[in-house]
Amino acid sequence: MIGPMRALGVFAAGILFAMALSRTGFTSWDEVHGMFSFSDLRLTLTFGVSVTILAIAFFIAKKKGARLPTREIHKGSILGGVLFGLGWALSGACPSIALVQLGEAQFGALWTFAGIFAGNWAYSVAQDRWLKWPRVSCDD
Amino acid sequence: MEYLNFVVGGAALAAVVLSHWFLAGRLPAMSGRYSTLIDRLRGKKRTDDDFDLSPEELLEAMKELTMEEFGQDAMDAMDAEGAPDASSGGAVAATATLTAPEAPSLGLIYMGGMVAGGFLSALMVGAVTPTMTLNGVRFHELFGSGMTSVIPLVVGGFFVGIGTRMAGGCTTGHGLCGMGALQLGSLVTTMSFFGVGIATALLLGVVL
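Right, here's the structure in full:
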């Protein structure tokens, strides 16, 4: 099964990521609302700085032969994004954030988590039975 | 509560994403982990099109299978010949159909890490103030403080669940990593969710 070092690495990665999301304010409904309603540009700029640094790092990594994820446009790219944007602005959470909020003792996130879980499940059923759109995942 | 300014915060987020590469052997993505878990609960076997192992993980899994099937002798023989490195594992990923029992459990460990990290962060700044809804002045202004404030969470969460699975990723996978890797699909999805997020937030201010 999983080696203990591997499990530990994954656990540590989760902790670090959660702490960064929490300390930048992405776990605060008010901060996220401020980002979307332009009343506070701090999070928007945080996101921009982060993507810029990553773009430079990935550019260098690619030159050194690293395999980077590829994300092509597919049937669900726009509609999926639209539904996600609506949900994020309402709940103030994306799939990662709901878990971090739980850790911060914002227990309302349990509802968000349940909603995300149900939505993901519902789509997977709809997808198998009716839509038959190509399955895509961010996990490569 | 004081949050990091955007330069330090942005750098911290980027650093964490990159450290993830080394600690977990892959770039971070969360919605896919929900999907993996749900597929497992639905009793679906994973197939090639949504194979989520990194080459390193795949190599590890294949070594374990070899060990089970052929015993230590085969492993020694393979070591003597020189084990394939991770880059050749990528080629194997295109053809192999093996289910990976460790993927869902690793996902759960990661999710546990996220919860633990949230707790540590709140503890660090002395801001563990348990609430049955969410903290936030504006949040309660808009949605009240009782059970009504739960509605946007459940309904919003449901849309997040559908949308992220349909788009094949969320803020991390598309927004940070996909955009960082300059991928067109991620740009389209990110622009969609940011655009609609802005419209929704502005509309909330008007309607409520």
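Chains as they are written, first to last, in this note's numbering: chain A, 1 to 140; chain B, 1001 to 1208. Glycine included, each C-beta is placed from N, C-alpha and C at the ideal position. These numbers come from a predicted model, not from an experiment.
Apply the 10 Å Cβ neighbour rule to residue i and answer buried if 16 or more other Cβ atoms are within range, or exposed otherwise.
{"i": "F1119 of chain B", "result": "buried"}
{"i": "R131 of chain A", "result": "The sequence shown places Leu at residue 131 of chain A, not Arg. So L131 of chain A counts as exposed."}
{"i": "D1085 of chain B", "result": "Note on D1085 of chain B: pLDDT 47, under 50, position unreliable in the model; the coordinate value appears next. D1085 of chain B comes out exposed."}
{"i": "D140 of chain A", "result": "With a pLDDT of 46 at D140 of chain A, under the threshold of 50, the modelled position of that residue is not reliable, and the figure given next carries that caveat. Its Cβ being crowded by 16 or more others within 10 Å, D140 of chain A is buried."}
{"i": "L1123 of chain B", "result": "exposed"}
{"i": "R23 of chain A", "result": "buried"}
{"i": "P95 of chain A", "result": "buried"}
Ordered along the chain, which non-local residues of its own chain (more than five positions away) have a Cβ less than 7 Å from that of residue i?
{"i": "G103 of chain A", "result": "A18"}
{"i": "I97 of chain A", "result": "L21, F26, T27"}
Any Cβ of chain A within less than 8 Å of the Cβ of residue i?
{"i": "M1166 of chain B", "result": "yes"}
{"i": "G1126 of chain B", "result": "no"}
{"i": "A1096 of chain B", "result": "In this prediction, A1096 of chain B has a pLDDT of 28, which is less than 50 and means its spatial position is unreliable; nothing more can be read from the coordinates."}
{"i": "S1145 of chain B", "result": "no"}
Here's a check: name, in chain order, each residue in its chain whose Cβ is nearer than 8 Å to the Cβ of residue i, leaving out the five neighbours to either side.
{"i": "K63 of chain A", "result": "none"}
{"i": "W1021 of chain B", "result": "L1027"}
{"i": "S1145 of chain B", "result": "T1133"}
Leaving out the 5 sequence neighbours to the left and right, which residues in its chain are closer than 6 Å to residue i when beta-carbon positions are compared?
{"i": "T1190 of chain B", "result": "H1174, G1175, M1179"}
{"i": "S1149 of chain B", "result": "T1133, F1143"}
{"i": "T1164 of chain B", "result": "S1031, C1170"}
{"i": "P4 of chain A", "result": "none"}
{"i": "Y123 of chain A", "result": "none"}
Does any residue of chain B bring its CB to less than 8 Å from the CB of residue i?
{"i": "R23 of chain A", "result": "yes"}
{"i": "I60 of chain A", "result": "no"}
{"i": "M19 of chain A", "result": "yes"}
{"i": "P69 of chain A", "result": "yes"}
{"i": "P95 of chain A", "result": "yes"}
{"i": "W111 of chain A", "result": "yes"}
{"i": "W29 of chain A", "result": "yes"}
{"i": "R129 of chain A", "result": "no"}
Practice prompt. Evaluate the contact criterion for the segment 1175–1186 of chain B versus the segment 19–38 of chain A: three or more CB pairs, one atom per stretch, below 8 Å.
Written response: no
Worksheet entry | Contact list for the segment 1175–1190 of chain B against chain A, Cβ threshold 8 Å | Correct list: G1175, L1176, C1177, G1178, M1179, G1180, A1181, L1182, Q1183, L1184, G1185, S1186, V1188, T1189, T1190.
Worksheet item: Looking at chain A, which residues of the segment 1008–1025 of chain B have a Cβ within less than 7 Å of any of its Cβ atoms?
Response: G1009, G1010, A1011, A1012, L1013, A1014, V1016, V1017, L1018, S1019, H1020, L1023, A1024
Worksheet item: Okay, do the segment 1149–1161 of chain B and the segment 34–50 of chain A touch, 3+ Cβ pairs below 8 Å being the bar?
Response: no
Worksheet item: So, do the segment 1002–1015 of chain B and the segment 43–53 of chain A have three or more beta carbon pairs nearer to each other than 8 Å?
Response: yes
Practice prompt. May I ask you to verify whether the segment 1190–1206 of chain B touches the segment 108–116 of chain A, counting CB pairs closer than 8 Å and requiring at least 3?
Written response: no
Worksheet entry | Residues of the segment 70–93 of chain A with Cβ closer than 8 Å to any Cβ of chain B, in chain order | Of all residues in the segment 70–93 of chain A, only T70, R71, E72, I73, H74, G76, S77, I78, L79, G80, G81, V82, L83, F84, G85, L86, G87, W88, A89, L90, S91, G92, A93 place a beta-carbon less than 8 Å from a beta-carbon of chain B.
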